[in-house]
Amino acid sequence: MSKMLLKFLPFTQARKEQNEKRVWDESPKVEKPILRVDEKPKHWYETLLYAWQMSLVNISPFILPLVVVAAVGLPAEAGAIWVNRALFTMAIAIFIHTTIGTRFPLVQGPSSIMVASASSVGAASGAAAMWGAMFAGAISQTAIGLLGLPGLLRKLFPVAVSGVIITAIGFALGRLAVTWMIGDGSTTNWILAGLVIALIFFFQTVGRRIHPLLARGSIAAAVFLVGIVLASIMGVMNWNLVAEAPWFAVPRLFPEGGPGFGWTFVGVAFVGIMIGLVGSMAESLGDYSVIAAICDEEYKVKHMNRGVASEGLECLVAVMFGGLPMTSYSQGVGIVAQTRIASRFVVQMCAVIMGLYGLSPKVGAFMVAMPRSVIGAVFLIVSASILMAGFRLLSNIKPTTANISVVGFSLLAAVLIPPQVNSPALAEFRESLPALVRLVLTDTALLAVVSSIIIYQIINTIFRGINEEKEYDENERARKERIALQEAEAAGLAVAEVPVE
């Protein structure tokens, strides 16, 4: 009993040993990075280019706050203020995560799962209860990470499960990207999106022969040429939005009240927020697993624990500044997979840029002013990289009947069920579901987490599918020994046949 308790206490020897354990027995690899986690680009302008490029695809801070603003009944003009807060707190969150969290090159930002929970809580219980619940939830998440609870659940996230999660996220983000890219179906959207994709492919292939920097900065180059220059010539770049935005605005602490002076703590609201936080943590654990493979780093228990704890702290800071709870961004994982620039210092520079967006609404307005079809096209390329990272991760699993069943069924369920449940035709059915069930069935990433974990445990634990893996390992070992013996015999025969002078 005492040994078990020691595992929950930070800074003990037992806890340190637990933290250094590998999450997986396998060592899945995706692709060797050009720059590793603790390496820096040679030149400052490279760092700046890679960082700005990374900031271009992390567009959620420009969208998600508006959802919550509408849900709690605030006027539309409040949305711009909430966007600034999201960008500012995003910068702080990235620095926290890349220094005391996993230390992987993970962009942090407002959680879409948490936005769904916060919107529901805010609409049902009011803004004051929503803020109080998010504050208490952030403290709870920090405690969960510090106590090492995520690490104790590492067996729930084998390679097969993590591969399903990240592949499903790739499909979900791709679906959003296509929506943005096509928009209303106008010819302008198709032209801009097509040119962005064509230029990115051109710079990545032909540009590589000219200069490596052109290939690595392909996204930034395409966005600048099409999203700013060509869009301005065509008259679809909204420069009025940039002109109207103020140059400087400093976020302040507790702009929406605080604990004891405006916020209220309601049990039902707290439960609703915690449901979202659990889903957000599960999604983040999937991101940690894939970014570790992309960065060619071992995925250890300490990454799970520190990551969840740091994200709890990030949420706490964000709520204090009037921002939304934070999580890791899969699109950031996609950029690392696409460019193979895994330096956490590049992500920290991205944090600086995000901070400038938050402090200077005029600078951040550039992102909003660009046609959405341009950002959607970039997003589609990034989603493809996430998708391929998931496929590469899945290629590391043993091809047993159990694993194939887990991956095939849970991936199809995660990709196909949410769009159907979210359709207008099922609105009445959707609203009749309990909050937790509705959250799972309408979110691709969360459904991938839940379905893959449950199906994996049922097939491998209850139905003893794990025995098939043991048989597979034994057969593979016997096959390799047989091949080695045949090669040795062939080599010996060749030697015997060589005439002696």
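Residue numbers for the sequence shown follow my numbering, so the first one is 74 and each next one is one higher. Positions of the beta carbon are idealized from the N, C-alpha and C atoms, including for glycine. In this text, all values refer to a predicted model and were calculated from it rather than measured experimentally.
Check	Outcome
Let me confirm a value: Trp312 is counted as buried when at least 16 other C-beta atoms fall within 10 Å, else exposed. Which label applies?	exposed
Please classify Met307: is it buried, with 16 or more other beta-carbons within 10 angstroms of its beta-carbon, or exposed?	exposed
Taking Lys471 and Lys94 to be in contact with their CB atoms under 8 Å, please state how far apart those CB atoms are, rounded to whole angstroms.	The pair is not a contact, with the Cβ atoms about 21 Å apart (cut-off 8 Å).
DSSP three-state label for Gly182, please.	strand
On the three-state DSSP scale, how would you describe Val571?	Residue placement at Val571 is flagged as unreliable, the pLDDT there being 45, under the threshold of 50; the coordinate-derived value follows with that caveat. Three-state result, Val571: coil.
Taking its Cβ as the centre, do 16 or more other Cβ atoms sit within 10 Å of Ile169, making it buried, or is it exposed?	buried
How far does the beta strand (DSSP E) with Thr400 in it reach, from first residue to last?	399-401
Assuming Ala241 and Thr517 are in contact, meaning their beta carbons sit under 8 Å apart, how far apart are those beta carbons, in whole angstroms?	5 Å
Check whether the Cβ atoms of Val455 and Ile426 lie closer than 9 Å to each other.	no
Whose C-beta lies closer than 6 Å to the C-beta of Asn378 among residues of the same chain, with five residues either side of it excluded?	Gly218, Gly221, Pro223, Gly224
Which class does Phe536 belong to by DSSP, given the choice of helix, strand or coil?	coil
Consult DSSP for Phe177 and reduce its assignment to one of helix, strand or coil.	coil
Which residue comes first and which comes last in the alpha helix (DSSP H) that contains Trp253?	232-255
With a CB to CB cut of under 6 Å and the five nearest residues on each side skipped, what residues in its chain are close to Thr171?	Arg417, Val420, Gln421
Looking at the strands, I want to know which residues DSSP matches up with Ile414.	Leu108
Does Trp204 pass the burial test, meaning 16 or more other C-beta atoms within 10 Å, or should it be called exposed?	buried
Straight-line CA distance for Leu237 to Val480?	According to the sequence provided, residue 237 is Val. The question's Leu does not apply to it. Cα-Cα distance, rounded: 6 Å.
Bridge partners for Gly335 per DSSP, in chain order?	Gly331
Pairing CB atoms from the region 338-352 with CB atoms from the region 204-214, are three or more of them under 8 Å?	yes
Please confirm whether Thr162 and Phe394 have their CB atoms less than 9 Å apart.	yes
I'd like the span of the alpha helix (DSSP H) that includes Val299, first residue to last.	That residue, Val299, is in no alpha helix (DSSP H); it is neither H nor E in DSSP.
What's the gap between the Cα of Asn157 and the Cα of Gly195?	20 Å
Please tell me whether Ala166 and Glu387 are closer than 9 Å, where the distance is taken between their beta carbons.	yes
Ile239: buried (16+ other C-beta within 10 angstroms of its C-beta) or exposed?	buried
For the pair the region 444-454 and the region 259-275, tell me if three or more CB-CB distances fall below 8 Å.	yes
Just how far apart, CA to CA, sit Gln181 and Asn476?	31 Å
Which stretch, first to last residue, makes up the alpha helix (DSSP H) that contains Val392?	374-393
For Phe138 and Ala159, which I take to be in contact (beta-carbon distance under 8 Å), what is that distance rounded to the nearest angstrom?	A small correction: the amino acid at residue 138 is Pro; Phe does not occupy that position in the sequence shown. Indeed they touch by this definition, with Cβ atoms about 5 Å apart.
My understanding is that Cys423 touches Pro106, with C-beta atoms under 8 Å, so please give their C-beta distance in whole angstroms.	That pair is no contact at about 16 Å.
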